[in-house]
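Asks: 765 is the number of the first residue of the sequence shown in this note's numbering; add one for each residue after it. Yeah, the Cβ is synthetic: ideal placement off N, Cα and C, and Gly gets one too. Bear in mind that the values here come from a model prediction, so they are computed numbers and not experimental data.
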Amino acid sequence: SFMMVNSSQHAAGERAHLLLRSLSENDTHCIQFSYFLYSRDGHSPGDLQLYIRVNGGPWGSAVWNVSGSHGRQWHQVELAVSTFWPSEYQVVFEASVSAERRGYIAIDDILLLNYPCWNIEPARSVMELEPRCGWSRAKMAPVLARYKGIILSEKQKLRADKVPHFSRLGDVEVNAGQNATFQCVATGKTTETEPFLLERRNGVVVAASSIQRLSHKRLMATFQVEAERGEQDLYRCITESTRGAAVSNFAELIVRVPPTPIAPPQLLRTGPTYLIIQLNTNSIVGDGPVIRREIEYRASQSPWLETHGVGSLTYKVWHLEPDTEYRISVLLTRPGEGGTGAPGPPLVSRTKCAGEFMGLNGSKPKPSFFWKVKPITLHPHLTNRQSLSPYLSIFLYHSISHCLSLCLFLSFSVSLCLCLSLSLSVSLSVSLCLCLSLFGSLSPTHPPLFPSISPPSISPSEPMRALRGLTATEIQPRQLALQWEPLGYNLTRCHTYSVSLCYRYSTPAGGSAGNNATVRECLSVERNQSHFTLRDLPPFRSVHVRLALENPEGKKESREVTFQTEEDIPGGIAPETLTFTPLDDMIFLKWEEPVEPNGVITQYEISYQGIESSDPGINVPGPRRTVSKLRNETYHMFSGLHPGTTYLVSVRARTAKGFGQTALTEITTNISGEGLWHER
């Protein structure tokens, strides 16, 4: 089997290929061949390259190549192939014509040996190949005969050195973002100076990061590949020398993506200092298996972050602050370094407000623990040598008064009690009652107090009470400036709370007398404010005000407090309420109280003036006269007037704040004395 290319008869860059049939072997084996690369004038005939194609895939990069003129002799090369069944491979020889286009490129004596490349031995099997460069054996015979003497004599003298072979290269599995390590172990005659490469299936090669000699016959080359999702592929080891080349099997780089939950945790229960969640990790993005679950959480407004391992699908996150928003995410980890995925979507939840220390079995406090001291034997003269068995109980109370009441009661049962008040934080305190019973336990058998021992817990609480001290700091006709007691955590029991100021007052609805409409409104008060100003109120009106303090657990409303706005100047008398009866020298006028008196009407003021007359002897305009009327006098009789004269009449009301708007009308006296009555 052979291939021969006469470079002078082909264009520069043309290629000839010799393809062996596909092979599938069970162990490392050796392929031997001889090549001839010569030109009389020393120019390069071209290049000769060798490819190993696996499972019909791409050729990749050349595992061995040679170029230039190498004299009038044959050179033998060994190729150690470590590609095993069930994979199959194909050897491809490629001859490429140089730009000089002189000389010959030839391949001959291709042998497949079923053992590693240790020594040159007779061929066990010969591969029969078809020429691929357009030459027949008859055409190549004269050329081969020309160099026959040289070929035989040189081939008898030449012996190829051993070519190393690679051990089986195993698959490597890593997590994304880590470095994958391939270790290529070569056995045979090799040195650290020879190039060791890691070839990707697409032909990209990676240089060795380190080379280590394991023994005089074994050498290990280490390669580092940054493992991202796009780097997942097949890789193999290659080494090349003048003696030949060695190729390993393809190993797969498997890149796993660390798992991440798709959905946030589910909230099962909320308390003042804890949140019970379900991890909700049935659906994930990435690769399993999941070998560890963790939760990471932090307060929404805090920079710190805590991570806890979780051994079940539900978890209680405790030691939290009351009334605080937390963000809780789940972390999943798969095997291997860097196997922890990104945190899943967060659960955003708020703990409940803190309340009193409560027992688990009721609303009354229970002893936090129960301790029996070792009995002490008394003197024989005391109680017939009975044993004294003191018991110590600790009771937790929110109020010091409860603690004192308990101590007073137990003092009648031969018990020693001590009350202590402890501050757990700036806004939270607790009272402890330490009771030592000399003859028996107070709990759990001491009736009727505390039938069982329960550890204390913190129960959520609505505000302790309603706001107090609602007073007016300034009262004006149309506004009220209000204030109340300052707010504190001991009152709100929550960091999250709201204060609303609600008020109501009545206003005339019109229509028949006595019909009123009620105006109601609730306004939000800014946080940490203990004052508010109500505006646009009606003057001289009773305003009923109450405060509402609300936290997430409940609401407390104060009693209504009634304030009265001050008086203001009255509104105008409606002109349509003015009625009159004109005579020839008198006018009877009547009016109604202003719709908006804005206070207590103290008097009315009536002014009139003649402005026009049919009698030329009367001077117009005449003098202006003013009359005052009492608050209950809503009428007036004008006398001493001129007949046939028009008068301009004005009426206005007055309160303690002054006069209001004026109502005007024109009235004309009669010319004759017939006493006609007109009403307008």
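Ordered along the chain, which non-local residues of its own chain (more than five positions away) have a Cβ less than 7 Å from that of Arg1323?
Replies: The answer, listed in chain order, is Arg1310.
Asks: So, at 7 Å on beta carbons, what are the nonlocal neighbours of Cys1117 in its own chain, with the 5 sequence-adjacent residues on each side left out?
Replies: These residues qualify, in order along the chain: Pro1036, Pro1086, Asp1087, Pro1224, Ser1225, Arg1257, Cys1258, Asn1315, Pro1316 and Glu1317.
Asks: Can you say whether Val861 is buried or exposed, counting buried as having 16 or more other CB atoms within 10 angstroms of its CB?
Replies: It is buried - the Cβ of Val861 has at least 16 other Cβ atoms within 10 Å.
Asks: CA-CA distance, Phe800 and Ala859?
Replies: C-alpha separation (whole angstroms): 11 Å.
Asks: Report back the beta-carbon spacing between Pro1023 and Gly1105 to the nearest angstrom; my notes put them in contact at under 8 Å.
Replies: The pair is a contact, with the Cβ atoms about 5 Å apart (cut-off 8 Å).
Asks: With respect to the beta strand (DSSP E) encompassing Thr1366, which residues constitute its N-terminal and C-terminal limits?
Replies: Thr1366 -> no beta strand (DSSP E), and no H or E assigned at all.
Asks: Could you check which residue in Gly941, Gln1065, Glu1101 and Glu1340 has the C-alpha nearest to that of Arg1114?
Replies: Closest by alpha carbon: Gln1065.
Asks: Ignore the nearest five residues each way along the sequence and tell me which others in Ile839's own chain have a CB closer than 6 Å to its CB.
Replies: The question names Ile, yet the displayed sequence has His at residue 839. If we look at His839 and ignore the five residues flanking it on each side, its Cβ neighbours are Tyr799.
Asks: Report all residues from its chain with a CB closer than 6 Å to the CB of Thr1078; omit the five preceding and five following residues, and keep chain order.
Replies: Within the same chain, Thr1078 has close Cβ partners Gln1042.
Asks: Comparing alpha-carbon positions, which option in His774, Val1359 and Leu1287 lies nearest Asn1279?
Replies: Taking only the C-alpha atoms, the option nearest Asn1279 is Val1359.
Asks: Could you check the C-alpha separation between Arg1057 and Ala1010 for me, to the nearest Å?
Replies: Between Arg1057 and Ala1010, the C-alpha separation is close to 46 Å.
Asks: Using the C-alpha atoms, what's the distance from Gly1422 back to Glu1321?
Replies: Whole-angstrom Cα-Cα distance: 39 Å.
Asks: How far does the beta strand (DSSP E) with Thr1237 in it reach, from first residue to last?
Replies: Thr1237 -> beta strand (DSSP E) spans Thr1235 to Gln1240.
Asks: Could you check the C-alpha separation between Val949 and Asp1051 for me, to the nearest Å?
Replies: Roughly 30 Å separates the two Cα atoms.
Asks: By how many angstroms is the C-alpha of Ser846 removed from the C-alpha of Leu933?
Replies: Answer to the nearest angstrom: the Cα atoms are 9 Å apart.
Asks: Near Ala1273, what residues of its chain come up, given a Cβ to Cβ distance below 6 Å and the 5 sequence neighbours on each side ignored?
Replies: Contacts found: Asn1279, Asn1280 and Ala1281.
Asks: Within 8 Å, do at least three Cβ pairs link the region 1393-1413 to the region 1365-1373?
Replies: Yes, they touch.
Asks: Looking at the secondary structure, which residues open and close the beta strand (DSSP E) in which Thr1003 lies?
Replies: Segment Asp997 to Ser1005, the beta strand (DSSP E) holding Thr1003.
Asks: When you compare the region 1378-1387 with the region 1329-1340, are there three or more beta-carbon pairs, one atom per stretch, that lie closer than 8 Å?
Replies: In short, these stretches do not touch, since the Cβ pair count stays below three.
Asks: Less than 8 Å between the CB atoms is what I'm expecting for Ala940 and Val818, so what's the real figure, rounded?
Replies: Contact flag wrong, Cβ pair sits at about 26 Å.
Asks: Determine the direct distance from the alpha carbon of Leu877 to that of Gln796, and round the result to whole angstroms.
Replies: The alpha-carbon atoms of Gln796 and Leu877 are separated by roughly 8 Å.
Asks: Do you know offhand how far Ala1230's Cα is from Val1325's?
Replies: Going by the C-alpha atoms only, they are around 13 Å apart.
Asks: Just mark Glu1004 as buried or exposed, buried being the case when its beta carbon has 16 or more other beta carbons within 10 Å.
Replies: Glu1004 is buried by the Cβ-count criterion.
Asks: Alpha carbon to alpha carbon, how far is Phe857 from Arg865?
Replies: Roughly 19 Å between the two C-alpha positions.
Asks: Might you give, ordered along the chain, the residues of its own chain that have their beta carbon closer than 7 Å to the beta carbon of Arg1268, omitting 5 neighbours on each side?
Replies: Same-chain partners within the cutoff: Thr1282, Val1283, Arg1284 and His1308.
Asks: Quick one: what's got a C-beta closer than 6 Å to Asn883's C-beta in the same chain, skipping five residues either side?
Replies: Residue placement at Asn883 is flagged as unreliable, the pLDDT there being 49, under the threshold of 50; the coordinate-derived value follows with that caveat. No residues qualify anywhere along the chain.
Asks: At what residues does the alpha helix (DSSP H) containing Tyr1253 begin and finish?
Replies: First-last of the alpha helix (DSSP H) with Tyr1253: Tyr1253 to Thr1256.
Asks: Near Ile975, what residues of its chain come up, given a Cβ to Cβ distance below 8 Å and the 5 sequence neighbours on each side ignored?
Replies: These residues qualify, in order along the chain: Glu956, Phe960, Leu983, Met984, Ala985 and Thr986.
Asks: Residue range of the beta strand (DSSP E) that Gly810 falls in?
Replies: Taken as a continuous stretch (DSSP letters only), the beta strand (DSSP E) holding Gly810 covers Gly810 to Val818.
Asks: Taking Pro1099 as the reference, give the member of Ile1055, Pro1067 and Glu1070 with the closest Cα.
Replies: Of the listed residues, the one whose Cα sits closest to Pro1099 is Ile1055.
Asks: Determine the burial state of Ala991: buried for a count of at least 16 other Cβ atoms within 10 Å of its Cβ, exposed for fewer.
Replies: Buried, by the Cβ-count rule.
Asks: If Ile1351 and Thr1433 are in contact, beta carbons under 8 Å, what's the gap, nearest whole angstrom?
Replies: Correct: roughly 7 Å between the Cβ atoms.
Asks: Short of 6 Å in beta carbon distance, which residues of its chain neighbour Ser1012, apart from the five on each side in sequence? Order them along the chain.
Replies: So the list reads Ser846, Phe930, Leu933, Arg1000 and Cys1001, once near-sequence residues are dropped.
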